[in-house]
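Asks:
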Amino acid sequence: MKGILYAGATGLFLSLFLTPLFIKFLAKQGYGQQIRDDGPTAHHVKRGTPTMGGVVILGSVVVAYLISHLLAGSDISSSALLVMAMVFGLGLLGLLDDWLKISKQRSLGLTAKQKLLGQALVAGGFGYAGLHFVDKYGLAPISRHLSTVRDTSIVLGAAVVVAWVLLLIMGSSNAVNLTDGLDGLASGAAIMAFLAFVLIGIWEFRQSCAYTHLAKCYAVRDPLDMAVLAAAFAGSCAGFLWWNTSPAKIFMGDVGSLSLGGAIAGLAITLRTELLLAPLGGLFIIITLSVIIQVLYFKATKGKRFFKMAPLQHHFELSGWGEVTIVVRFWIIAGICVASGLGLFYAQWVVR
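Per this note's numbering, the sequence shown starts with residue 1433, numbered consecutively.
#1: Could you give the residue range of the beta strand (DSSP E) that holds S1678?
#2: Under 8 angstroms by Cβ, that's how I've got I1601 and G1685 pegged, so tell me the actual separation to the nearest angstrom.
#3: Pick helix, strand or coil for Y1463, following the three-state DSSP scheme.
#4: Is the distance from the Cβ of D1612 to the Cβ of S1689 below 8 angstroms?
#5: Once the 5 residues before and after I1534 are set aside, which same chain residues still bring their CB inside 6 angstroms of it?
#6: Run the CB neighbour count on S1585, radius 10 Å, all protein chains shown included, and call it buried at 16 or more, exposed below.
#7: Specify, as a first and last residue, the run of the alpha helix (DSSP H) that S1492 falls within.
#8: Is P1573 helix, strand or coil when you go by DSSP?
#9: Can you give me the start and stop residues for the alpha helix (DSSP H) that V1727 sits inside?
#10: Check whether the Cβ atoms of G1557 and V1687 sit closer than 8 angstroms, and answer yes or no.
#11: Just verifying my parser: in three-state terms, what is the DSSP assignment at Y1650?
#12: Determine the direct distance from the alpha carbon of W1635 to that of S1751, and round the result to whole angstroms.
#13: Using the DSSP secondary-structure output, state which residues sit across from S1447 in a beta bridge.
#14: Determine which residues share a DSSP beta bridge with S1579 and list them.
#15: What residue does the alpha helix (DSSP H) around K1568 start on, and which one ends it?
#16: Among the residues of its own chain, which have a CB less than 6 angstroms from the CB of L1744, if the five just before and after it don't count?
#17: Are G1667 and A1504 closer than 8 angstroms when you measure CB to CB?
#18: Whole angstroms is fine: what's the gap from L1525's alpha carbon to G1443's?
#19: Is it true that the CB of I1455 sits closer than 8 angstroms to the CB of F1672?
#20: If you check the beta carbons only, do V1581 and L1708 fall under 8 angstroms apart?
#21: Whole alpha helix (DSSP H) runs in the region 1503 to 1532 with 4 or more residues, listed along the chain?
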């Protein structure tokens, strides 16, 4: 359990004190955010703000995770390594996208098809590899059973599992990317999701089938180590949020949003709580649905818009809401969604 505290505290410390150094480096190199001309006019003042802050988050996560294991004297798990490999794959994709935006001095980097293809390759590789690395209890990082708040009796074929994992990771990664439009919005909501997975991992470890013979025990490969990894992500995001809150001194960029979305999905998959990803990431889903509704309505009505602008947070900006007001209220929604998800997880345990 100490490893969780070590990971969270170290991640917080590193990102809190390394981010301003990274800001100075980016500012010196002239690596600033490009702003869409068709977006809210209030965003134009953010043009040139250093971006790619996700690099600090990911670096802090890795160091925090390794230090926690060094201090706690515990083994590094295959599940955590696979999740981190997947997250870094998405991070590299996002870094390339951010770099193209900066080098070309425009708000568009990779094309949608290029980004989706890259995400599919990374997610598919994670899904395939996760079915291997079986431990002495016969458990792999990714289960062949469909999971809700735990594994169900529904067994899926390997190809279906990989396709399902691909869908979850791509959906979550792009959802966080869409949410990252206001200062601190995505990072704050992500912290809540990661903290939820810390609690879930601890609970599953305490009720693990490897240590108890209770009828409702959890057959999960590395629940405690996934809690440690989730704590590293939560702490690193919290330290970054100090500098990312309004008025933001730095943006996480696609390198941050794509990787954080992948991390949230990876934790849900390895902890056997796949469908719990919906309530835990409720805010991300709401914002993604706003984009889908906008596109479908635009096509159905031949040019009319359902929202003033999508994603949803920009609709409220154009409606006159202040940025901080939107972020705080959306954080409240995220908190309610996370609390609902944890309630569903615990309810399944207590209901006989």
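Even for Gly, the Cβ is constructed at its ideal location relative to N, Cα and C.
Note that this is a predicted model, so its numbers are computed, not measured.
Replies: Inspection of the coordinates gives the following:
#1: As a working mapping, residue 1678 is identified with position 246 in the sequence shown. Taken as a continuous stretch (DSSP letters only), S1678 belongs to no beta strand (DSSP E), as it is neither H nor E.
#2: Counting from one through the sequence shown, the residue named residue 1601 turns up at place 169. Counting from one through the sequence shown, the residue named residue 1685 turns up at place 253. Actually they do not touch by this definition, with Cβ atoms about 19 angstroms apart.
#3: Along the sequence shown, read from residue 1 onward, the residue named residue 1463 stands at position 31. Correct three-state label for Y1463: coil.
#4: Locating residue 1612 in the sequence shown gives position 180, where the first residue counts as 1. Locating residue 1689 in the sequence shown gives position 257, where the first residue counts as 1. Yes. Within cutoff.
#5: Here the question's residue 1534 lines up with position 102 in the sequence shown. So the list reads Y1463, once near-sequence residues are dropped.
#6: Here the question's residue 1585 lines up with position 153 in the sequence shown. Exposed: under 16 other Cβ atoms inside 10 Å.
#7: Indexing the sequence shown from 1 puts residue 1492 at position 60. Run containing S1492: G1486 to A1504, per the alpha helix (DSSP H) assignment.
#8: Counted from its first residue, the sequence shown places residue 1573 at position 141. Coil.
#9: By 1-based counting over the sequence shown, the position of residue 1727 is 295. Where V1727 is concerned, the enclosing alpha helix (DSSP H) stretches over G1714 to A1732.
#10: For the purposes of this step, residue 1557 is identified with residue 125 of the sequence shown, where counting begins at 1. For the purposes of this step, residue 1687 is identified with residue 255 of the sequence shown, where counting begins at 1. No.
#11: For this step, residue 1650 is matched to residue 218 along the sequence shown. Reduced to three states, the DSSP call for Y1650 is strand.
#12: Numbered from 1 along the sequence shown, position 319 holds the residue referred to as residue 1751. Numbered from 1 along the sequence shown, position 203 holds the residue referred to as residue 1635. Near 43 angstroms, if we compare the C-alpha coordinates of W1635 and S1751.
#13: Here the question's residue 1447 lines up with position 15 in the sequence shown. Per DSSP, none; premise fails for S1447.
#14: Translated into positions along the sequence shown, residue 1579 becomes position 147. Answer is D1583, bridged to S1579.
#15: Mapped onto the sequence shown, residue 1568 falls at position 136. Counting along the chain, K1568 falls outside any alpha helix (DSSP H), and DSSP gives it neither H nor E.
#16: In the sequence shown, counting from the first residue as 1, residue 1744 sits at position 312. Correct list, in chain order: I1719 and S1722.
#17: Taking the first residue of the sequence shown as 1, we reach residue 1667 at position 235. Taking the first residue of the sequence shown as 1, we reach residue 1504 at position 72. Not in contact: G1667 and A1504 (Cβ atoms no closer than 8 angstroms).
#18: Position 93 of the sequence shown, counting from 1, holds the residue named residue 1525. Position 11 of the sequence shown, counting from 1, holds the residue named residue 1443. Taking the straight line from one Cα to the other gives about 23 angstroms.
#19: Here residue 1672 refers to the residue found at position 240 when the sequence shown is read from its first residue. Here residue 1455 refers to the residue found at position 23 when the sequence shown is read from its first residue. Their beta carbons are not under 8 angstroms apart, which means F1672 does not touch I1455 by this criterion.
#20: Here the question's residue 1581 lines up with position 149 in the sequence shown. Here the question's residue 1708 lines up with position 276 in the sequence shown. Yes, these two residues count as a Cβ contact at 8 angstroms.
#21: none
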